[in-house]
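Undergrad: Going down the list, the sequences are from chains F and A.
With positions in the first sequence counted from 1, the corresponding number in the working numbering is that position plus 461.
With positions in the second sequence counted from 1, the corresponding number in the working numbering is that position plus 195.
Note that beta-carbon positions come from the ideal geometry of N, C-alpha and C, so glycine has one too.
Since the structure is predicted, the reported quantities are computational estimates derived from the model, not experimental observations.
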Amino acid sequence: MSRASSAASLFAALGDETRLQLLHRLSSGGPGSIARLSEKSKVTRQAITKHLEVLADAGLVHSARQGRESIWALDPARLAEAHQALDQISAQWDVALERLRQFVEK
Amino acid sequence: MTTDRIEKEILLRAPRARVWKALTTASEFGAWFGVKLESEFSPGARVKGQLTFKPYEHIIFDFIVDRIEPEHFFSYRWHPYALDPKVDYSSETPTLVEFRLEAVPEGTRLTVIESGFDRIPVGRRAEAFRANAGGWAEQLNNIARHVTSQ
């Protein structure tokens, strides 16, 4: 997979509220089963499973079999890559604000 | 772990009125941001102009002014990394940029929040991601050179 299409699947995976909530749960609560991840969720277990599979395809999560159920966990390296795009815009702001500082403090 | 927003805070050793003027006067905004703006700011107004730093002098930069609350709050909407003249970005959901000013004993605390990145189309985020991954360090150098040569 090329870098660009790889990034496209990454952002497609992130562009959904349920999937972002799943990532948030895995991030704050650690690895979990489908049963735990669908607690207090308006979405069915089947839908949660589908969303997790999209996240897995993008490399954001992975699952491991534990007895009769799968335990899903976050893959932080891939998420860091998504943040990299924001980091670049963030750096752009740092430069612009430093110029503003020089402008108003002179 | 948000991918939707960027938040910056900077302490400026200048009075709040001075910072306000630098943010909301077209010529002053243009001077530090690097753009030659064609009109002043008012709520709802579209402000545009040509970028003045390399390698983007051919790019028309524009934003829509959102709110102006004198010396406290200024916001606008724009299309981030809209740097390809062949692409029409107008159908995309813009991000919102907010400036908040607070007077403190040392001067002015300025907070900048840019939000709405998660609504940018997947394809273009990918494109921007790819373009930025290789080229951003070089762009920073260009800007730094420009600033120090002024």
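Consult DSSP for residue 514 (chain F) and reduce its assignment to one of helix, strand or coil.
TA: Helix, per DSSP.
Undergrad: Which residues in the same chain as residue 306 (chain A) place their Cβ atom closer than 6 Å to its Cβ, once the five residues preceding and following it in sequence are excluded?
TA: So the list reads 204, 295, once near-sequence residues are dropped.
Undergrad: Starting from residue 211 (chain A), follow its DSSP beta bridges and name the residues at the other end.
TA: In the DSSP output, where bridge partners are listed per residue, residue 211 (chain A) has none listed.
Undergrad: Quick one: list the residues of chain C neighbouring residue 565 (chain F), beta-carbon separation under 7 Å, in chain order.
TA: Judged by its chain identifiers, the structure shown contains no chain C, and its protein chains are F and A.
Undergrad: Would you call the CB atoms of residue 228 (chain A) and residue 242 (chain A) closer than 7 Å?
TA: Cβ atoms of residue 228 (chain A) and residue 242 (chain A): not closer than 7 Å.
Undergrad: Can the beta-carbon of residue 550 (chain F) be found less than 7 Å from the beta-carbon of residue 201 (chain A)?
TA: Contact: yes.
Undergrad: Which term fits residue 299 (chain A), buried or exposed, when burial requires 16 or more other beta carbons within 10 angstroms of its beta carbon?
TA: Under this definition residue 299 (chain A) is an exposed residue.
Undergrad: At a Cβ threshold of 7 Å, is residue 554 (chain F) touching chain A?
TA: Answer yes: the Cβ-Cβ gap between residue 554 (chain F) and chain A drops below 7 Å somewhere.
Undergrad: Excluding five sequence neighbours on each side, which residues of the same chain lie with their C-beta closer than 7 Å to the C-beta of residue 284 (chain A)?
TA: Once the five neighbours on either side are set aside, the close Cβ partners of residue 284 (chain A) are 274, 277.
Undergrad: Just confirm the distance between the C-beta atoms of residue 207 (chain A) and residue 214 (chain A), as a whole number of angstroms; I'd bet it's less than 8 Å.
TA: With a Cβ gap of about 6 Å, residue 207 (chain A) and residue 214 (chain A) count as contacting.
Undergrad: To the nearest angstrom, how far is the alpha carbon of residue 308 (chain A) from that of residue 271 (chain A)?
TA: Their Cα atoms are separated by approximately 11 Å.
Undergrad: Out of A:268, A:311, A:287, state which residue places its alpha-carbon closest to the alpha-carbon of residue 297 (chain A).
TA: Among A:268, A:311, A:287, the Cα nearest to that of residue 297 (chain A) is on A:268.
Undergrad: Cα separation between residue 260 (chain A) and residue 547 (chain F)?
TA: About 23 Å.
Undergrad: Name, in chain order, the residues that DSSP records as bridge partners for residue 501 (chain F).
TA: DSSP, once it has assigned bridges, lists no residue as partnering residue 501 (chain F).
Undergrad: Are the Cβ atoms of residue 504 (chain F) and residue 479 (chain F) separated by less than 7 Å?
TA: Against a cut-off of 7 Å, the Cβ pair of residue 479 (chain F) and residue 504 (chain F) comes out as a contact.
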